[in-house]
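So the structure is just underneath, and the comments pick up after that.
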Amino acid sequence: MTTLPTQTARAPHPALQEMDESSLGPAMLALAPQRRAFVQAKVFFGVDNKKAAEMAGYSPVSPHSLESQGYKLAHDPLVQEALREESVKMMRSEGVRSLHTLVNLRDDMSIAPRERLRAAIEIMNRCGLHAVTESHVSVEHRMSDAEKDRRILALCAEMGLSEAEAKKMLISPLEAKKVADAEFEVIEPERPMTDEERATAAERDKRNTIRRARYRMTPNEREAHRKEVNEERRQRGKRQYAEAKQAEPLPLLAAIEAANVTLATLPPTGGNAVEAEEYSSAGLEDLLLVPEPIDTTKEQ
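Structure, rendered in structure tokens:
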């Protein structure tokens, strides 16, 4: 990093008078006298950074030293705050001259009427005589006849009027009873759901969730989901079939086996053959209604 050579301070420009510290703000008081002169040159003479550094007394050690020094001063936070502080003071003090300029523009007949009108408007705006604007807000409340009657009944109750007198003021007398009943309507507590109802609701929610998910799927995704569901059902059926084979015989299966054994033991001829034919022609439901298996030992 290169460092600038040490600059010897020179006397500031004669036009820059030494400022009374009592008239300075906190930002200017925080600067050294030479930096105050730089701010004064920028604000009151409107020169660029290089010229302000030269007027403030900075020595030109090299051809570009004043430009570099002026750039650094103009971008220093303390100097920038002092520039803002002095600029505000100057604008406030020069406001009267600016007002006279606007007045001269307004009264100059050689200027176009449009420019004179703009000057007049600016003067009025600065004096607080702004254009008057009006805004109208319309609020409309709409109530049904039942709501109006309910309000009337409430006001009559507050005033101590009897029910008969209150009903005379109603808008819809035929709805009076409904309005009165609505004031004392009792809401029954919600009945808790049973386990079966909760299971049904959960299953319904699950189906709705799947249906919404399928609605957002593409055709290919929907086909893959269908195959996945079918495969899951097939595997579940296989598991249930295997579990049923390992479990004890069901009552229906036991009844069918008992019926088959009974028919097999009946003789093919004789009077019992007719009976066997009747049993064989009977439906499965009739066989299952027999309370006990037929004892054929006595008939033999």
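In the working numbering, the protein residues as written are 7 to 306.
All residues carry an ideal CB built from backbone N, CA and C; glycine is no exception.
- Query: Does the beta-carbon distance from residue 129 to residue 108 come in below 8 Å?
  - Reply: yes
- Message: Quick check on residue 48: buried or exposed, where buried means 16 or more other Cβ atoms within 10 Å of its Cβ?
- Response: buried
- Which same chain residues, not among the five before or five after residue 60, have their C-beta less than 6 Å away from its C-beta? 72
- Task: Give me the Cα-Cα distance between residue 80 and residue 55, rounded to the nearest whole angstrom.
- Result: 7 Å
- Terminal residues of the alpha helix (DSSP H) in which residue 106 lies: 101–113
- Task: Tell me, please, whether the CB atom of residue 165 is closer than 8 Å to any CB atom in chain B?
- Result: The structure shown contains no chain B; it is built from a single protein chain.
- Roughly how many whole angstroms lie between the Cα atoms of residue 27 and residue 137? 43 Å
- Please report the residue range of the alpha helix (DSSP H) in which residue 172 lies. 169–174
- Message: With a threshold of 6 Å on Cβ separation, who are the neighbours of residue 122 within its own chain once the five nearest residues in sequence on each side are excluded?
- Response: 112
- Task: Could you tell me the boundaries of the alpha helix (DSSP H) in which residue 177 lies?
- Result: Premise fails: residue 177 is in no alpha helix (DSSP H) and is neither H nor E.
- Task: Spatial neighbours of residue 86 within its chain, please: CB distance less than 8 Å, with the 5 preceding and 5 following residues excluded, ordered by chain position.
- Result: 80
- Message: Is it buried or exposed, residue 22, if we count other Cβ atoms within 10 angstroms and call 16 or more buried?
- Response: buried
- Near residue 3, what residues of its chain come up, given a Cβ to Cβ distance below 7 Å and the 5 sequence neighbours on each side ignored? With the chain covering 7 to 306 only, the question about residue 3 has no answer from this structure.
- Rounded to a whole number of angstroms, what is the C-alpha to C-alpha distance between residue 58 and residue 88? 14 Å
- When you compare each of 110, 68, 50 and 45 to residue 83 by their alpha carbons, which one comes out closest? 45
- Query: Should residue 37 go down as buried or exposed, given a rule of 16 or more other Cβ atoms within 10 Å for buried?
  - Reply: buried
- What residue range is occupied by the uninterrupted alpha helix (DSSP H) comprising residue 198? That residue, residue 198, is in no alpha helix (DSSP H); it is neither H nor E in DSSP.
- Message: Once DSSP output is grouped into helix, strand and coil, what is the label at residue 65?
- Response: coil
- Task: Please state if the CB of residue 42 and the CB of residue 25 are separated by a distance shorter than 8 Å.
- Result: Yes, Cβ-Cβ distance for residue 25 and residue 42 is below 8 Å.
- Query: With 16 as the cutoff for other CB atoms within 10 Å, does residue 64 come out buried or exposed?
  - Reply: buried
- Which two residues bound the contiguous alpha helix (DSSP H) that contains residue 34? Residues 32–35.
- Does the beta-carbon of residue 76 have 16 or more other beta-carbons within 10 angstroms, so that it is buried, or is it exposed? buried
- Message: Need the endpoints of the alpha helix (DSSP H) that residue 43 sits in, please.
- Response: 39–51
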